[in-house]
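Line by line, the protein sequences are chains A and B. For the first sequence, the numbering used here assigns the number 9 to the initial residue and increments by one for each residue that follows. For the second sequence, the numbering used here assigns the number 339 to the initial residue and increments by one for each residue that follows. In what follows, a structure is listed as structure tokens, so that the remarks can point back to it.
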Amino acid sequence: MKKIIKPLFSVVVISMLMAFQGGDVLCNSKELKDKAQDALEPYKYDSSELTRITYKKKESVKEVEVPLFIGEKYRIVFEMEALPKQVEVQIYNKDKDSKNRKLLFSSKEMGDKKEFNFEVSKTRHIYIDYVVPPMEEGSYHGCAVFMVGYK
Amino acid sequence: MISKLLAVSCLAITIVLASCNSNPEDQKSQEVLDVVDSTASLTSSVAVTEEHDVSYNLPSALQIAYVFKKSGAGFVPSLLNNKANASRYNTSNYKRATNFGIYSADLAYCLFNKKYQESKEYLKACKETGSFLGLNQAFESDNIAQRFDKNITNEDSVVKIVSNVQLKTDVMFEQNKQKHITVIAFAGAWTESMYIAMEVYLKDKNKKVLGSLMEQLLLSETIIKALKNYNDTEPELKDLIASIEKINAQFNLIASVKVAMEKDEEIDFNSVSITDEELKAIAESVKTLRSSMIN
């Protein structure tokens, strides 16, 4: 009996530990930002933002305001591979509460790409909207990263 | 024997389940904290876990210095915060963060003015204040000091090295769930950059510097909104927000700015007119805020 219980006990405990060790491997900001940095070249790193996204039953929007300086050239790199379901990135010249805002970019043009970039100059602010599609089953989540570079 | 094994099993399962309840990001943060300087005083810090529907991405001190350099702002060494003061700032998260930002701005100002020896000294001041915030690893990995020395006369290379340190500190603050520290540090960097640019403009009266200065003042609104997202994290934030709101209000009172705002137009800061009184009032407010940060 002892001979059976000891190994069985070890297997159960090790299996449980392994099952819970995986954790939220998707939101590894260092790994995501390292990838974004590679795509930023030859622009100089300025700033970056990791946004945690939780899918809800209704479509939702998470917005990041990005101030820029006129006269500078910027590249904005998006790293979306840590998102389990496609989230659309839209870039506007005004925030989501403004009327008559202009859409400058939509990731729809990029198809299913998980990495893409956008270049901009001659504007003082951009507003990055993550349009999160509805998910009936809930509880899914992930991360999106963007990185701003200038030259 | 069996009952003992069952008891141990229950204990193991309880431990596993308890660890399952903790946020995996917290576990990663703990791993990061475990490898940073054990003397870092982070005990009073508040972990910010709340995610906001609207957030703000602030630029780096390097980019602000780059914009001022391009506008022709000269180098006045007496405007820098004394690097020997660094050891005095390990008193609260607010002091650590604002002065980490201030030294970052001083480092960037030296760097873009090709003052390489001073840059090296301010990199040390950043490292020292950074260590109070648990950022040792960001400054010690990849032989940064040696690479900085080796490339000291090559502006592009040293800017790249400092940009990489910036990226590392951004990642570490994020992993440590201390995003609010990044915002407070930026408020420090912005205040120092404004102070330097104001003083340089008052000395040289270079119109291009004034244009850049006005453009940077526009950032005050974004900083206020970003700080308000973390309002309850540090006790000093209320006063910091009030000080920047005052600067923002003085900026919005400039007649040409007011007209452009009312028309919802992009402002051409190279043609903006500002009276000496208006500029003096803003300069005084910036100076007072900076003084409260460094003293």
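Glycine included, every Cβ here is placed at the ideal spot set by N, Cα and C.
Any C-beta of chain B under 8 Å from that of Gln98(A): Not one chain B Cβ lies under 8 Å of Gln98(A).
Counting contacts by CB-CB distance shorter than 8 Å, is Asp46(A) in contact with chain B? Taking Cβ atoms only, chain B never reaches closer than 8 Å to Asp46(A), which makes this a no.
Which residues of chain A have a Cβ atom closer than 9 Å to the Cβ of Tyr568(B), listed in chain order? Contact of Tyr568(B) with chain A by beta-carbon distance below 9 Å is absent, the smallest such distance being about 15 Å.
Take the Cβ of Met599(B) as the centre, count every other Cβ of all protein chains shown within 10 Å, and call the residue buried at 16 or more, exposed below. Counting of Cβ neighbours within 10 angstroms places Met599(B) among the exposed residues, the total staying below 16.
Could you pull out every unbroken beta strand (DSSP E) segment of at least 3 residues lying fully inside the region 473–542 of chain B, listed in chain order? Counting only runs of at least 3 residues, the region 473–542 of chain B fully encloses no beta strand (DSSP E) element at all.
What residue range does the alpha helix (DSSP H) around Ala411(B) cover? Under the DSSP assignment, Ala411(B) falls outside any alpha helix (DSSP H); it carries neither an H nor an E label.
Among residues of its own chain, excluding the 5 on either side of Val496(B), which ones have a beta-carbon nearer than 8 Å to its beta-carbon? Its chain contains Leu449, Tyr454, Ser457, Phe486, Asn489, Ile490 as the residues whose beta carbon lies nearer than 8 Å to that of Val496(B), once the 5 sequence neighbours on both sides are disregarded; these appear in chain order.
Just to make sure I have the definition right: I need the residues of chain B whose C-beta is within less than 7 Å of the C-beta of Val74(A). Which are they? Those are Asn395, listed as they occur along chain B.
For my contact list, Ser114(A) and Glu96(A) are in at a C-beta cut-off of 8 Å; report their separation, rounded to the angstrom. Indeed they touch by this definition, with Cβ atoms about 7 Å apart.
Anything in chain A within Cβ reach of Thr560(B), meaning under 7 Å, just list it in chain order. Identification of chain A residues near Thr560(B) by a Cβ-Cβ cut-off of 7 Å yields Glu73, Pro75, ordered along the chain.
Residues that Lys70(A) contacts on chain B, provided the C-beta gap is smaller than 7 Å: Close partners of Lys70(A) in chain B (Cβ separation under 7 Å): Asp391.
What three-state label does DSSP hand Asn437(B) in the structure shown? Of the three classes helix, strand and coil, the one that applies to Asn437(B) here is helix, per DSSP.
Does Ala411(B) pass the burial test, meaning 16 or more other C-beta atoms within 10 Å, or should it be called exposed? In this structure Ala411(B) is buried. Its beta-carbon is surrounded by 16 or more other beta-carbon atoms within 10 angstroms.
At a Cβ threshold of 8 Å, is Leu505(B) touching chain A? Yes, Leu505(B) counts as interfacial toward chain A.
Residue of Phe607(B), Ser425(B), Ala435(B), Pro415(B) minimising C-alpha distance to Ser550(B): Ser550(B) has its Cα closest to that of Phe607(B), out of Phe607(B), Ser425(B), Ala435(B), Pro415(B).
Give a yes or no on whether 8 Å exceeds the smallest Cβ distance from Ser479(B) to chain A. So no, Ser479(B) is outside the interface.
Out of Lys546(B), Leu540(B), Thr436(B), state which residue places its alpha-carbon closest to the alpha-carbon of Glu615(B). For Glu615(B), the nearest C-alpha among the options comes from Leu540(B).
Have a look at Lys70(A) and Asn125(A) and give me their C-alpha separation to the nearest angstrom. Going by the C-alpha atoms only, they are around 19 Å apart.
By a C-beta neighbour count over all protein chains shown, 10 Å radius and 16 as the cutoff for buried, is Glu388(B) buried or exposed? Reliability of the predicted coordinates at Glu388(B) is poor, the pLDDT of 46 falling under 50, and the value obtained from them is presented with this limitation in mind. The residue in question, Glu388(B), is exposed, as its Cβ has fewer than 16 Cβ neighbours within 10 Å.
Less than 8 Å separating the beta-carbons of Ile561(B) and Asn431(B)? Here Ile561(B) is not near Asn431(B), since their CB atoms are 8 Å or more apart.
Stretch-stretch touch, CB-based, cutoff 8 Å, three pairs: the region 96–113 of chain A with the region 578–596 of chain B: The count of Cβ pairs closer than 8 Å, one atom from the region 96–113 of chain A and one from the region 578–596 of chain B, stays below three, leaving the stretches out of contact.
Spatial distance of Ile592(B) from Val547(B) (CA atoms): Cα-Cα distance, rounded: 17 Å.
Ile612(B) in three-state terms, based on DSSP: Note: Ile612(B) maps to coil in three-state DSSP.
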